[in-house]
Ligand SMILES: Cc1cc2nc3c(=O)[nH]c(=O)nc-3n(C[C@H](O)[C@H](O)[C@H](O)COP(=O)(O)OP(=O)(O)OC[C@H]3O[C@@H](n4cnc5c(N)ncnc54)[C@H](O)[C@@H]3O)c2cc1C
Ligand SMILES: Cc1cc2nc3c(=O)[nH]c(=O)nc-3n(C[C@H](O)[C@H](O)[C@H](O)COP(=O)(O)OP(=O)(O)OC[C@H]3O[C@@H](n4cnc5c(N)ncnc54)[C@H](O)[C@@H]3O)c2cc1C
Ligand SMILES: Cc1cc2nc3c(=O)[nH]c(=O)nc-3n(C[C@H](O)[C@H](O)[C@H](O)COP(=O)(O)O)c2cc1C
Ligand SMILES: Cc1cc2nc3c(=O)[nH]c(=O)nc-3n(C[C@H](O)[C@H](O)[C@H](O)COP(=O)(O)O)c2cc1C
Ligand code: FES
Ligand code: FES
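Here's what the structure looks like:
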């Protein structure tokens, strides 16, 4: 779906990280966690391409006055890393953005009985909040969140408000446990058995470690990937990753935008 | 001089015409009427080049509170014609723009005794207000202002407040006399003799007609030209016009940005 | 009165001159939710080879000033899977589908053309002699007029379908290439393919693209494309299809003025999947508003 | 510790690798109020011919996406006026001035070089064989390796000054051109000059430029320039000077990584007349911050 949105708020939640709320059409309410959006940051050829972002949250604002309307909103959590995100950070309430959404395949919720383990690294936390909101309706959810330093740990309060047990770790020990989020997660997984699904998003080395743990312990595991994208809809073949069957003589490339961004870890080739 | 300015106000004064006031450094107070500025509309590669604009006004805002500072300001009057000016029209108070100014050679004030006749066509009025403000200090000034229709007639009140007799004409007769500004001017010039200087800015056919009148009647006349510009400082040679000596075998090109934009009409080749 | 937007590319009659460019529009189906495919003149499918191709390692794309580089490496499903899996959708639309094809040898080009000759869903063929991404691939054919002509003749002898040759801009003299292809009995010429470029990441000290170089597309290349279309349209009598940085109806009409019979929309499909439809609509609107009865009146109407 | 920013172009030692490109920096003097000329490596003056030249009719420039087209037509004062009027200012600065020159014949190139040989303010010569604007001009020399080599040899025989040859990107094989110029005893190669392009005005149905076509410069061409610099730097042992869309220190360092010894700043001078100075400063700062002792360590350091 293509739509124009108005910025409702755009705040720096931690140095270099922003949370933006924009209006959205009601149809977006049926988007699933893990799906993503592509944003045209400016009505200009600079930047040229849309930028992909996860869905941090979708909700409805009640009518503000009698005769007013409910307003569906979309939230993104983003990190300023380059030109496009820097421009986004300068937007104000009332500015208008152009969206292509929802795109891709989201997380599969799986068996409601099992425990849900969310693992987020840095800005990889972004798609996990919307997921967590849906999961807590039926399941026990724990969140492991890691970052380089304490400023990379975002929105813990929001998750805790959902009643989710949250484990924080930082590489430099400035917040929570000192060490990698995957180490902390593995320690806690050891303590308890039972049916589990891991949902993870973050930098590639982290996802690799998560996938290793999932494989070793035979835990179901879905990962959300990033890739350089041009179209977001399977047309340009720019965003591919190697599937598990990939080999030089039998290529198995998958579009992150269309077949992902969420994959079962077993669908992918891990090196 | 290169400087950054903050937008103080930016209003549509007539459909498609805007007047923008921005902060300026004190050095700009020494700019002469007829000089121009080059604006980097956005901190982006789109648009790429600076856009040239006349100086509509320069002034000083008194300190707003004890311990505050005086603030020099610059005003531009501009018409939305393309990408750059459309983007300018969306700017708000507090936005920041990048200026290269003052550039070029302005109007020479000439003998204070003589009458000063200003002739502006459409947005060509822009540099004449700042000129008028200086001229009325010593001389009698009249303004002839023309446009296609009444919406192209701008800022008459401002000139009248300076005590300037103003003659309006429109091609379609929707405001003032019906007809070309040059016809109206010529009618009035016939009525009276005496030492005069014409200062004119507007579309090329109008300037041509003004120059014709000046030649026929041996009136001193300065015209301000427009040209496509890249550098604004005599380096690219993009903005040249043919000088009066120009011939195929003896080229005489003049830079509008550096030798102009104001020329004595006799310096130029009129076809 | 509704302006006549129809154009002819050889024996192929299009309802309007807006075609989607190969590699930027998948196999058409990807865009059906965003765009009424019946509103555009034709679609051109992703470059097709005899065997499936994996394409290049990633990253394959990167944004550059007002453009993008791609080094997809012509990943595609191969002709068998194309016929089996992609033609059923093409059958459901009335808009003609043109197949963009390439080979590593003359024989491969000819064999592909012959395979497609029997496929009714294929309304025409666009021969890519210009893809800069594949080492042994089009690059040789696309920069040497004799080699290009050989490819075109080989394909021509295997197909009765309209045959478009897509030219590379990475040459000293595009007119020479155009003339050679025209003499080899092409029905039309399309240009330009991408300009070969490169992007560097200062932080990692590596090329951004795994393939090192890639093809530049988007608004950045429009001036080069317009110039080449103008040069070629003056030099040949074949219909010319203009490609390169077309983002809106104004861009498209500029190419028509420069001599193009039709145009292709590439990178713009990524910014707005509905772009091709909007461009077709707005071109028609421009004609209507300016009292132009038929798009043909604008073709080559540039006053130089 | 201050990083060593100095580079050598033949026998010419520059304090840093930032040079202003011909045609975008006038004769240097125009920029003296905006920029400390002592902060940059060298300046290159506007293309010079034996006789004064009028250049093309107007409009001569137009903005395009992330770029601009120019068809100045090599307007210049001619060698006599250059020596008389422009060298006095050049004498007042310690920054070397390189003269960009062109001719319509081999003899003109040679005569110009010989005239400049006696002028002490001229620190080096950049031979423009690539300007696309002048019909009888550089275009032939710039696209044919044999003709280019002939020009270079003719200039070489008349000058002992460092001789840079400026290459055109409007060729199929820039490496072939580079090798030919290297073999003809050039001291360095600079690239790229502008890509030939065109802009059309839909409203008037005319080309925007009076000359119809013009040279494309600015960020739009950076990917093409980087690719060509990388190709050429791999192929020759001469110093290569990178040009094309360099707007800031990051762009400049990308060219150095791709193999350039020095870089030229062109269109960026129009956006910010202080650009060249800022780029030099920020390159040095980058080296300092990253513990790089000398700019040479980055040259060609791209890991491919
Ligand atoms: C499915 C998906 C979901 C994402 N969700 C989020 C999110 O919720 N929050 C968030 O902060 N970031 C997210 N990202 C990453 C985000 O898209 C990039 O950080 C952003 O595009 C950078 O743009 P830029 O212009 O600031 O950077 P630049 O470096 O200027 O971008 C240059 C180019 O590189 C591409 N690019 C750069 N980094 C990335 C990256 N990591 N992934 C993909 N393309 C990249 C850009 O799209 C652009 O084409 C997501 C990426 C994908 C693919
Ligand atoms: C010395 C000088 C003073 C000027 N003063 C004023 C003024 O006070 N108020 C005002 O409204 N306009 C003025 N103009 C014209 C103004 O510069 C153009 O209208 C403006 O550059 C158009 O930019 P755009 O991006 O909106 O249009 P686009 O059409 O998108 O511009 C494309 C390119 O064409 C150039 N261009 C387009 N029209 C003109 C023009 N008429 N003159 C020069 N270049 C042009 C632009 O600079 C740009 O490079 C002046 C021009 C000059 C040379
Ligand atoms: C991602 C991508 C893939 C492409 N794949 C092909 C291809 O398979 N065959 C081909 O002939 N051209 C291919 N092209 C070139 C386009 O068809 C077109 O010629 C080029 O992008 C210029 O047009 P544009 O500026 O409108 O994008 C591709 C372009 C892009 C951006
Ligand atoms: C207005 C203008 C005039 C130019 N004149 C010349 C010239 O006289 N001789 C020459 O060799 N190159 C000339 N060039 C080309 C530049 O030196 C440079 O090669 C080109 O602009 C690419 O660099 P850029 O993208 O940094 O501008 C000119 C470029 C511009 C924009
Ligand atoms: S982003 Fe284009 S195919 Fe995935
Ligand atoms: S605008 Fe560059 S010389 Fe006048």
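Chains as they are written, first to last, in this note's numbering: chain V, 1186 to 1456; chain H, 1186 to 1456; chain P, -14 to 289; chain L, -14 to 289. Every residue gets a Cβ at the ideal spot worked out from N, C-alpha and C, and that includes glycine. Quantities reported herein were computed from a predicted structural model and do not represent experimental measurements.
1) Are the beta-carbon atoms belonging to residue 1240 of chain V and residue 1315 of chain V less than 8 angstroms from one another?
2) Considering only residues of the same chain and omitting the five flanking positions on each side of residue 288 of chain L, which have a CB-CB separation below 6 angstroms?
3) Would you list the one or two residues that DSSP bridges to residue 183 of chain P?
4) Under 8 angstroms Cβ to Cβ from residue 181 of chain P, same chain only, skipping five residues before and after it: list those, please.
5) Would residue 1406 of chain V and residue 1434 of chain V be called neighbours here (beta carbons separated by less than 8 angstroms)?
6) Please go through the same chain and pick out, in chain order, the residues whose beta-carbon is closer than 7 angstroms to the beta-carbon of residue 36 of chain L, but skip the five residues on each side of it.
7) Taking DSSP's pairing of strands, which residues face residue 1416 of chain V in a bridge?
8) With C-beta atoms as the reference, is residue 1317 of chain V less than 8 angstroms away from residue 1347 of chain V?
9) Please classify residue 291 of chain L as buried or exposed, where buried requires at least 16 other C-beta atoms within 10 Å of its C-beta.
10) Taking 7 angstroms as the cut-off, does the CB of residue 1238 of chain V come closer than this to any heavy atom belonging to ligand 1?
11) So, helix, strand or coil for residue 256 of chain L, using DSSP?
12) For residue 12 of chain P, is the classification buried or exposed, using 16 other Cβ atoms within 10 angstroms of its Cβ as the cut-off for buried?
13) Starting from the beta carbon of residue 55 of chain P, find every residue of chain L whose beta carbon is closer than 7 angstroms, and list them in chain order.
14) Let's test the definition: count the other Cβ atoms within 10 Å of the Cβ of residue 60 of chain L and tell me whether it reaches 16, buried, or not, exposed.
15) Pick helix, strand or coil for residue 1390 of chain H, following the three-state DSSP scheme.
16) If we count the other Cβ atoms within 10 Å of its Cβ and call it buried at 16 or more, is residue 146 of chain L buried or exposed?
17) So, helix, strand or coil for residue 1309 of chain V, using DSSP?
18) What separation, rounded to the nearest whole angstrom, lies between the Cα atoms of residue 1442 of chain V and residue 1429 of chain V?
19) Indicate the three-state DSSP secondary structure (helix, strand or coil) for residue 209 of chain L in the structure shown.
20) Would you mind telling me which residues of chain V sit closer than 7 angstroms to residue 60 of chain P, beta carbon to beta carbon, in chain order?
21) Please compile the residues from chain V whose C-beta is within a distance smaller than 7 angstroms of the C-beta of residue 1190 of chain H.
22) Using the C-alpha atoms, what's the distance from residue 1402 of chain H back to residue 1379 of chain H?
23) Closest to residue 1224 of chain V by C-alpha separation, out of V:1260, V:1201, V:1199, V:1255, would be which residue?
24) Find the nearest neighbour of residue 1287 of chain V within the set V:1418, V:1301, V:1234, judged by alpha-carbon distance.
25) Check the DSSP bridge columns for residue 1237 of chain V and list the partner residues they point to.
26) Between the C-alpha atoms of residue 249 of chain L and residue 260 of chain L, what's the straight-line distance to the nearest angstrom?
27) According to DSSP, simplified to helix, strand and coil, what is residue 1397 of chain H?
28) Quick one: grab the DSSP three-state call for residue 177 of chain L.
29) CB-CB under 7 angstroms to residue 1326 of chain H, same chain, minus the five flanking residues each way: which ones, in chain order?
30) So, is residue 1197 of chain V buried or exposed, given that buried needs 16 or more other C-beta atoms within 10 angstroms?
31) Decide if residue -14 of chain L is buried, meaning its Cβ has at least 16 other Cβ atoms within 10 Å, or exposed.
32) Return the chain-ordered list of same chain residues with a C-beta closer than 8 angstroms to the C-beta of residue 1254 of chain H, the five sequence neighbours on each side being excluded.
33) For residue 1332 of chain H, I'd like the list of residues in its chain whose CB is within less than 6 angstroms of its CB, leaving aside the five on either flank, ordered along the chain.
34) Is there a Cβ from chain L that is less than 8 angstroms from the Cβ of residue 230 of chain P?
35) Spell out whether any CB of chain L is found under 8 angstroms from the CB atom of residue 2 of chain P.
36) If we require 3 or more residues per run, which beta strand (DSSP E) segments fall completely within the segment 1247 to 1301 of chain H?
Short version:
1) yes
2) none
3) P:198
4) 117, 155, 198, 199, 200, 201
5) no
6) 63
7) DSSP lists no partner for residue 1416 of chain V.
8) yes
9) For residue 291 of chain L there is no data in the structure shown, the boundaries of chain L being -14 and 289.
10) yes
11) helix
12) buried
13) Simply none; closest approach about 11 angstroms.
14) buried
15) helix
16) buried
17) helix
18) 17 angstroms
19) helix
20) 1422, 1438
21) None at all; the shortest Cβ gap to chain V is about 17 angstroms.
22) 11 angstroms
23) V:1260
24) V:1418
25) V:1223
26) 11 angstroms
27) helix
28) coil
29) 1301, 1303, 1317, 1320, 1349
30) exposed
31) exposed
32) 1248
33) 1307, 1338, 1355
34) yes
35) no
36) 1256 to 1264, 1281 to 1288
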